[in-house]
Amino acid sequence: MSAPPATPVWAAALRLDGRLGGVARRWAPPLALAIPLCLVAAALEGVHSGFPSTWLLGVPRWFDNLNNWVTNNDSSNFFLHTIVGGFGNLLNDATNDIVNLLHWMTWVGVLAVSTAIAWLVGSWRTALFSALVVASFGVLQIPNGGPNGISEMWPSAMTTLALMTVAIILSTIVGIPLGIASAVWPTVHKLLRPLLDLMQILPAFAYLVPIVVLFSIGNPAGIVATFIYAVPPLVRFTELGIRSVRKDVIEAAESFGSTRRQVLRNVQLPLAAQAIMLGLNQVIMMALSIVVIASLIGAGGLGDPVLAALQTQQIGEGFVAGLLIVLMAMWLDRTSAAIGERARERTSTRRLTRRQLLGLWAGLLVLVLVARYGLGLGDWPAGWGFSVVDNATRALNWVTNEFTGIAGPISSFLTLDILNPLQRYLTDLPWWLVAAVVGTIGWARGGSRRGVLLAGCVVLLGLMQAPVGYTFQGTTSYNFVAWNDAMETFSLVIVALALDLIVGIPLGIAAYRWRVMDRVLRPILDTLQTLPAFVYLIPMVALFGVGNVAGVSASLIYALPAAVRATTLGLRAVQRDVLEAGQAFGSTRWQLLFKVELPIARPYLMLAVNQTILLVMAEVVVAGLVGAGGLGLDVVTGFSRSEVGLGAAAGLAMVLMGIVLDRLSQSNPDRARAAAS
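All the letters of the sequence shown, read from the start, carry residue numbers -8 to 668 under this note's numbering.
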C-alpha cells in the first residue's frame, strides 16, 4: 500500500485557525465581562485576601432561631406535631417492629430465612455466603462489659438491618413511582432532574442539620437522611429502564388494543425489571455507606461502635465493626444482584411449585416457633463467638510500625509541601478573583447562565460565615469563617483528585490494553465500590494518624474505581473502524492511543473527572470524623457541641461548593457538539 498523501500546510493551518476561532468565541464574552469587573473590584476593594469579614447573611443565626422555634412549638404546631411528628413516629414504630421481629425470630430463624432467600434467588454459593455472613454477626464480637458478657454485635447488626429495611422500603415506595412518572411525563422529568442532581451532589453531612431540626435525633432522622442519599439512583434507573424499552414492542402492544396503563404494567415494567433491580442494588449499597454518618444523629446499629472507635482511636474495635458492615454490604449486594439476574432472565425464584414454596415457608415458620418457644433461644449466644479486637489492633499497629518509614515522609511531604502551601495560596486569593475565574470557566464551558450561577455560588459561600465570637442566647460561641474553611476543603479535593487521576487513568488504560490487568483489577474495584465510605478511614488513620492526610488518602482509594472504570469504558467505546483506519495509515499502538483513542474517549474522561470530584468531596467531608479540616470538621463540631447554626451554615457551604465543582467538570452537550462541528 502506498503512503498516504501528506496533508497540505494550508489545510492544517485552516484547521488550526478554526479551532483557535472556536476557542476565542467561547472565551471572549466571559473575559470581556470578567476583566472589567475585576478591575472595578480591585479599585474599590483593593487586593485583599479572603472574604470581607463584615459581609454576612446571618445564616447561622437563622438556623439557631429556627431550631429554637421548632423546640418551643413542637407540641403545639400542627405541621410539626401532626405531620412531621406523625411521619417520624411511623418510621420509628416500623423500625422497632422489625427489630422486635428479628429478635423474636431468634438467631436460628434469621440465619435460616436469609439462607433460604439467598438460595431461592441465587445459587447454593450465594446461600452459603449469606449463611456465613449472618453467622459472623454473632461470631465476631467486641467485648462491651455488658451483662453476662453478651456481645453487642448481633443486636447492633439487627438494628442496622432494620434501619436498612425501612429505608429501602421507603425508597422503593417513593423512587419507583417517581421514576415511572418521570419516564411517562416530560414535565415531571424536567422538574425532577435538577432535584435529583442536587440530591446526588449534596454530601450527606449537608442535610443532617435540617433533618435533626425537624425530626430531632434518633432513628427517624437517620432513615430520612438515608432516604435522601439513596433514592436518586432508583428514580434514574427506573426511568432509564422504561425509556429503554424498544418502540416497536410498545407499538405492537398498542396495535393489539392495549391502553397506556396496560402497556406500562404488562410491557414496560417487566422489561425494565433488570434496570429497576440495579437501581435497588445501588440503593442498598448507598444506604449502608451512610450508616455511620446516621449514627451522628442518633441512629443506632453497627455505626455506633465504628463512630466511637474513630472518635476514641480504638482502631481494633473500629476495624471489627467496620468489617461487619462490609460483610453485610457484600451479603445484600450479592443477594440483590441475584434478584436482578433473575429479572434479566425473566425467571422467578428457583423452579419450585407453589405448593413447594408454601411448604418451604411453612417449614421455616415451624423452625422459628420451635427455636423460640421449644428451645427458648434468642439472640446469638455470647459464648459462641470470639473477639479479634486484640489481634486486629496488633495487626494494625504492626502495619503502622513497619510502614512508618514510608508513611511518615509521605505524610510530611503532602502536609508541608503540598496541602499547607496550597491552602495558604487559595485562602490568600481575593474573593472577587475566585468568583471571576469560576464564572469565566463556567460560562466558557456551559454558557452565560452557568457562569453567573457559579460566580453567585462563590459569593454566597463566603456569605455563610458567622460574626467573630458569635453567640446565641448565651449558650453557643464559635467562629466560622466559611471562606477559609471552604478553601481548606477545596485544597483537599484538588490534591485527592490529582492523585486519583494520576493513578486511575493509567490503570484504566492498562485494563483496556491488557486482559490480565483487567482480570486482576476487576475484583479489586468491585470490592472498593462495595465498601462504605467511612471504612477507608480506619486503615488510613492507623497508617497516617488523624488529620488531612488520612482524609486525602481515604478519598484517593474511595474514588479510584470511578476513574479507572470510566477511562476503560471510554477507550472500549471507540469504534473498530476508526482504529483500523489509523492502523492502515501506519500508526503505532501508542500513536493510536494518544492521537485517536484518548481524544475520542474525552467525554468519558470528563465523566471520570466529574464522578471522581463528587466522590472525593464526599469522602473528604466524611474525613471530618478523624480530624481532617475544613467544612466537614465544622459539621462534626456543630453536632458534637449541639451548635445547629454552625453545622447548617457549613452544610450549605458544602452544597454551594458541590454545585460549583460539579458544574465546572461538566460541559454543555450542545456547546460541545457545536464546537465539534
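The C-beta atom is built at its ideal place from N, Cα and C for all residues, glycine as well.
Check, Outcome
"For residue 382, the nearest candidate out of 307, 99 and 612 (CA to CA)", "307"
"Backbone CA spacing between residue 598 and residue 404 [nearest angstrom]", "30 Å"
"Through-space distance from residue 619 to residue 533, alpha-carbon basis", "14 Å"
"Buried or exposed by the 16-neighbour rule on C-beta atoms within 10 Å, applied to residue 26", "exposed"
"Range of the contiguous alpha helix (DSSP H) that encloses residue 238", "238 to 246"
"For residue 394, the three-state DSSP class (helix, strand or coil)", "coil"
"Same chain, Cβ closer than 8 Å to residue 410, five either side skipped, listed in chain order", "482, 483, 486, 539, 540 and 543"
"Complete runs of the beta strand (DSSP E) confined to the segment 548 to 601 [at least 3 residues]", "none"
"Three-state secondary structure (DSSP) of residue 668", "Residue placement at residue 668 is poorly supported in this model, since its pLDDT is 41, which falls under 50; the coordinates still yield a value, given next. Reduced to three states, the DSSP call for residue 668 is coil."
"Given 8 Å, three or more beta-carbon pairs between the segment 155 to 170 and the segment 210 to 225", "yes"
"DSSP state of residue 630 mapped onto helix, strand, coil", "helix"
"Secondary structure of residue 207, DSSP reduced to three states", "coil"
"Whole-Å CB distance - residue 80 paired with residue 204, under 8 Å assumed", "With 8 Å as the limit, residue 80 and residue 204 do not qualify as a contact, their Cβ atoms being about 17 Å apart."
"Three-way DSSP call (helix, strand, coil) for residue 653 in this model", "helix"
"Status (buried if at least 16 other CB within 10 Å, exposed otherwise) for residue 128", "buried"
"Three-state secondary structure (DSSP) of residue 131", "strand"
"CA-to-CA distance, residue 605 to residue 653, given in whole angstroms", "7 Å"
"Alpha-carbon spacing of residue 709 relative to residue 513, whole angstroms", "Because the chain is modelled from -8 through 668, residue 709 falls outside the range shown and cannot be assessed."
"Contacting residues, own chain, Cβ-Cβ under 6 Å from residue 495 (five flanking each side not counted)", "551, 554 and 555"
"Residue 377 (DSSP reduced to helix, strand or coil)", "strand"
"Beta-carbon gap between residue 51 and residue 637 smaller than 9 Å", "yes"
"Buried versus exposed call for residue 461 [16 or more other C-beta atoms within 10 Å across all chains shown]", "buried"
"Where residue 168 falls: helix, strand or coil (DSSP)", "helix"
"DSSP beta-bridge partners of residue 41", "421"
"Where the alpha helix (DSSP H) through residue 371 begins and ends", "Unbroken run through residue 371: none, as it is neither H nor E."
"Own chain partners of residue 394 with C-beta closer than 8 Å, once the 5 adjacent residues on each side are dropped", "534"
"Among 32, 580 and 377, nearest to residue 426 - alpha-carbon criterion", "32"
"Same chain only: Cβ atoms within 6 Å of residue 647, ignoring 5 sequence neighbours per side", "448, 451 and 452"
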